[in-house]
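Undergrad: Using this note's numbering, the final residue of the sequence shown is 787, and nothing's skipped along the way.
Ideal Cβ positions, reconstructed from N, Cα and C, are used throughout, including at glycine.
This one's a predicted model, so the numbers in the text were calculated from it and none came from an experiment.
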Amino acid sequence: MSLEFRREAWSRDTNIEVEPSAMVPEDEIFLKRLSRGYLVEKDPNAPPFYREKGNSKFQEKDYTGAAVLYSKGISHSKPNTEDISLCYANRSAALFHLGQYETCLEDITRAQMHGYPERLQPKMILRKAECLVTLGRLQEASQAISDLESDFATKRTLATSSFQILQKNLHHLKKKVQEKESLPETFPPTLAKTFEDMDLKEENEQISRASSSVSLCTDPLKGRCLIATKDILPGELLVKEDAFVSVLNPGERLRHSLGNKWDTRIANGDLYCHRCLKHTLATVPCDGCSYAKYCSQECMQQAWELYHSVECPLGALLLSLGVFCHIALRLTLLTRFEDVGKVTSKLCDEISNSISFPKSKTLIKTLNYNQEENEDNGKVVKTPIPGCDISGKYENNYNAVFNLLPHTENHSPEHKFLCAVSISALCKELEAANLQAFATGLNSSKLKAPVTPQLCADFNIWGVAMLRHMLQLQCNAQAITTIQQTESKESIIANSRQVRLATGIFPVVSLLNHSCSPNTSVSFTSTVATIRAAQRIRKGQEILHCYGPHKSWMGVAERQQKLRSQYYFDCSCPACHTEELRTAAGPRWEAFCCNSCRALMQGDDVLSCDNKSCTESVSRDHLVSQLQDLQHQVGMAQKLLRSGKLEQAIQQLLGCQRDAESFLSPEHTMMGEIEDDLAQAYAALGDWQKSATHLQKSLRVVEARHGPSSVEMGHELFKLAQVLFNGFAVSEALKTIQKAEKVLLVHYGPWSDEIQELQKMRSCLLDLPPIPGGPLGL
Ligand SMILES: [Zn+2]
Ligand SMILES: [Zn+2]
Ligand SMILES: [Zn+2]
Ligand SMILES: [Zn+2]
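So this is what it looks like as structure tokens:
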């Protein structure tokens, strides 16, 4: 069939022309200038710079910092150069000191693969042998040692002193191997996590990646939604879905400032695999650019085949256009691999009869295929729920993604215009890159190019598809977050915070509607999202999750405004409903209290004491500036804490605490923060008892704000458990471990690191011999 492709058919959808020529030269110049701010190519002068910077971190014993700087050096090095091999070798040393022996071994192999200089080999092989001994791979260790010995025997070119040191180390290591060999095998079986409990008990027949406890329905007002088909208990896994597409958030820092050519700071992009989002200090860079880094050769290869071969030369442009544009491109690139059978009748409806497609292009072929099939059946098959296939099944596929609502009618003309300009720019670059690739011949690059479809002819279709995706993203993009341990050398208690790691599209998760007080909890393991029931959900109730504005983070007015401007709906969740009815005293975690009688203060511009027998009143401006002063003071204390000046930090914090008590409600967030900082300072001093006392106060604030079964509460309980554990307050610790476990289990499931850690603590406490005179400390 030969249909005439006309863009106008789409104009009702977009009202914008999508064509590279829509860009005027000024726009192009502007974009080029913007892109220039990003260093994405390999700079041959960078590796020595980063290696030197890494070496000085290494000297300071900051091995994590050193590893990241060596990684930066690696990403700027060309393959098979001395630069890259030296950086890998140095990184292996940093990883060794961090106790990451497996990755250390990998880096040693990489250094050798890229031609590590012969003269430097002995020291590295010694390190290899040490790793192998520690890992219990004694045979390989012995082999490495005997290789080294014969090497020593043949050439003595090394300076005598370093040769002697090496020999001493070798001798030491040999003894270690002998000792270990004489011991029975005592290594614990590797902590292989069984993922059984992370899997859905029974997969839903209608919706892939969802549990059979839910079903997909449509509601005239809300559109698609998920409903419980049976009573669901807290902690039950409801959805486990791998992102259809995800793009790592590079972090603000990638854009370097002028004058500071090579950035030495650590950003997301240095710590997480750009494909699978796994955390790693031993990244492997793309051979073609300096910004794409992966956890392994395999991930690099896969990313290359799936999308990076096209994206690689566009790095600077993609970074300046932003993550949404990048996702839109990657989505369309991924459609090249979609199964022809599983596609999109809606797409065909939408592109209607009057459109023709250039032939033999994958995306278009799939569309035609479906159209033909429908016609063969004699009538157009209307799928009952958008996004489902003909048999009514909803899957994590391109069809489902395509059917996510773009809300085109709601976007402002400015937003639509910006999207169109971005996509135009992208198409233009794609076209240019494609032509260049053909001109130079892809084989001139060392990279193996996968079979790329002839993009040029596809640009119209691609542009339209990308524009649709870009408009969809505002309402459908899901932030992929992770819990990051905040780095603090002094603190023994793990302090954690949630960071936004990437942005992804999850067609099944997207079926969930919003509530400011949701009945589920979402967490991520690499690119996989899991949604668990956070409370009991009765049969027939809707499964809800929070799009961001949660009731414990902002007041009802702010939430409503955010939801309206980004998602185009008025939230009528129970939290919004009850909060709107309540008079505006504001939430307790933001409330001020009376300076003389401690009752709450109420009012707008002028606040007066709640206590009828008290006459205190004060202007809001005054209180707000007082709070700002306090924030500044606390900030100073935190700086002291971070730099290890613990006694000073404590003095400063105690001052802040006195100040805070005079005008803030006991449940004010700032009160909690001060208590938490004090707990951290005392823990660093080893005063577990005081630390626990302050943590318990912080816990009360967290509970008032986030509720007793919130994930925030779980993290705070986890901290308290660690403190009590360290202080040998056995019965208290056991109680707290149990509480923390109960809360975290609901949010993260049984195989999360947090739960495993708690269980280890418990068994350790239960194994303790009874202490004469009762527990110490507390
Ligand atoms: Zn990876
Ligand atoms: Zn690349
Ligand atoms: Zn709400
Ligand atoms: Zn008062």
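Tell me which residues pass a beta-carbon proximity test against ligand 1: closer than 6 Å to any heavy atom, given in chain order.
TA: Residues with a Cβ closer than 6 Å to any heavy atom of ligand 1, in chain order: Cys282, Arg284, Cys285, Lys287, Tyr303, Cys304, Ser305, Cys308.
Undergrad: Taking 8 Å as the cut-off, decide whether the C-beta atoms of Val565 and Glu588 are in contact.
TA: Yes.
Undergrad: If we count the other Cβ atoms within 10 Å of its Cβ and call it buried at 16 or more, is His283 buried or exposed?
TA: That one is buried.
Undergrad: Is the segment 694 to 713 close to the segment 619 to 635, with three or more CB pairs under 8 Å?
TA: In short, these stretches do not touch, since the Cβ pair count stays below three.
Undergrad: Could you spell out the range, first to last residue, of the alpha helix (DSSP H) harbouring Asp762?
TA: 762 to 776 is the span of the alpha helix (DSSP H), which, as asked, contains Asp762.
Undergrad: Taking the beta strand (DSSP E) that Ser628 belongs to, which residues open and close that run?
TA: Looking at the DSSP string, the run of the beta strand (DSSP E) that includes Ser628 is 626 to 628.
Undergrad: How big is the Cα-Cα spacing for Arg573 and Cys525?
TA: Rounded to the nearest angstrom, the two C-alpha atoms are 13 Å apart.
Undergrad: Would you list the one or two residues that DSSP bridges to Asn522?
TA: Leu553, per the DSSP bridge assignment.
Undergrad: Looking only at C-alpha atoms, which of Phe601, Arg545, Glu725, Ser605 sits nearest to Val755?
TA: Among Phe601, Arg545, Glu725, Ser605, the Cα nearest to that of Val755 belongs to Arg545.
Undergrad: What does a CB cutoff of less than 7 Å around Cys140 pick up in its chain, not counting 5 residues either side in sequence?
TA: Result list for Cys140: Phe105, Tyr110, Cys113, Leu114, in chain order.
Undergrad: I think Pro243 touches Ala543, with their Cβ atoms under 8 Å apart; what is that distance to the nearest whole Å?
TA: Confirmed, about 6 Å.
Undergrad: By the 10 Å Cβ neighbour count, where 16 or more other Cβ atoms means buried, how is Cys555 classified, buried or exposed?
TA: Answer is buried; the Cβ neighbour count reaches 16.
Undergrad: Between the Cα of Ser101 and the Cα atoms of Phe734, Thr292, Lys51, which residue gives the shortest distance?
TA: Minimum Cα distance to Ser101 is reached at Thr292.
Undergrad: So which of Ile659, Asp619, Gly145 has the shortest CA-CA distance to Ala688?
TA: Cα-wise, what sits closest to Ala688 is Ile659.
Undergrad: Indicate the three-state DSSP secondary structure (helix, strand or coil) for Gln68 in the structure shown.
TA: It is helical.
Undergrad: Kindly examine ligand 4 and report whether one of its heavy atoms sits closer than 7 Å to the Cβ of Ala788.
TA: Residue 788 lies beyond the range of the chain shown here (10 to 787); nothing can be said about it.
Undergrad: Using 8 Å as the threshold, is the C-beta distance between Ile514 and Phe253 below it?
TA: In contact: Ile514 and Phe253 (Cβ atoms closer than 8 Å).
Undergrad: Nearest by alpha-carbon distance to His288: which of Arg274, Cys308, Arg218, Glu250 is it?
TA: Of the listed residues, the one whose Cα sits closest to His288 is Cys308.
Undergrad: Restricting to runs no shorter than 4 residues, where is the alpha helix (DSSP H) found entirely within the segment 560 to 615?
TA: The qualifying runs are 565 to 576, 583 to 590.
Undergrad: For Lys184, which of Leu147, Lys137, Gln215, Gln173 has the nearest alpha-carbon?
TA: Closest option to Lys184, Cα to Cα, is Leu147.
Undergrad: Going by DSSP, what residue range makes up the alpha helix (DSSP H) through Ala291?
TA: Note, Ala291: premise wrong, no alpha helix (DSSP H); not H, not E.
Undergrad: Below 8 Å, how does it come out for the segment 639 to 649 and the segment 604 to 620: are there three or more Cβ pairs, yes or no?
TA: The answer is no - the segment 604 to 620 does not touch the segment 639 to 649, with fewer than three Cβ pairs under 8 Å.
Undergrad: Any idea what DSSP makes of Thr539, helix, strand or coil?
TA: Residue state, collapsed to three classes: strand.
Undergrad: Consider the Cβ of His283: report whether some Cβ of chain B lies at a distance smaller than 8 Å.
TA: Considering every chain present, this structure includes no chain B. It has just one protein chain.
Undergrad: Measuring CB atoms only, is the segment 484 to 491 touching the segment 432 to 446, in the sense that at least three cross pairs come out at less than 8 Å?
TA: With the cut-off at 8 Å, the segment 484 to 491 and the segment 432 to 446 do not touch.
Undergrad: What's the gap between the Cα of Glu741 and the Cα of Gln731?
TA: Taking the straight line from one Cα to the other gives about 11 Å.
Undergrad: Measuring straight from C-alpha to C-alpha, what distance separates Cys773 and Pro596?
TA: Near 41 Å, if we compare the C-alpha coordinates of Pro596 and Cys773.
Undergrad: For Ala301, count neighbouring Cβ atoms within 10 angstroms of its own Cβ and tell me buried if that reaches 16, exposed if not.
TA: The residue in question, Ala301, is buried, as its Cβ has 16 or more Cβ neighbours within 10 Å.
Undergrad: Does the distance from the CB of Thr73 to the CB of Leu95 come in under 8 Å?
TA: In this structure, Leu95 does not lie closer than 8 Å to Thr73 by Cβ.
Undergrad: From which residue to which residue does the beta strand (DSSP E) around Gly788 run?
TA: Past the boundaries of the shown model lies residue 788; the chain is included only from 10 to 787, so the question cannot be answered.
Undergrad: Just the C-alpha distance for Arg541 and Lys402, rounded to the nearest angstrom, thanks.
TA: Rounded to the nearest angstrom, the two C-alpha atoms are 22 Å apart.
Undergrad: Taking the alpha carbon of Glu91 as the point to measure from, which residue in Ser65, Glu211, Gln661, Pro53 has its own alpha carbon closest?
TA: Considering only alpha carbons, the answer is Pro53.
Undergrad: Between which residues of its own chain and Val711 is the CB-CB distance below 7 Å, once the five residues before and five after are set aside?
TA: Excluding residues within five positions, the ones whose Cβ falls inside 7 Å are Gly681, Glu721, Met722, Glu725.
Undergrad: Once the 5 residues before and after Val537 are set aside, which same chain residues still bring their CB inside 6 Å of it?
TA: The answer, listed in chain order, is Asp251.
Undergrad: Which residues have their C-beta within less than 5 Å of a heavy atom of ligand 2, listed in chain order?
TA: Per the Cβ criterion, the list is Cys295, Gly297, Cys298, Ala301, Cys321.
Undergrad: Would you say Ala692 and Ile683 are within 8 Å of each other, going by their C-beta atoms?
TA: No, the Cβ-Cβ distance between Ala692 and Ile683 is not below 8 Å.
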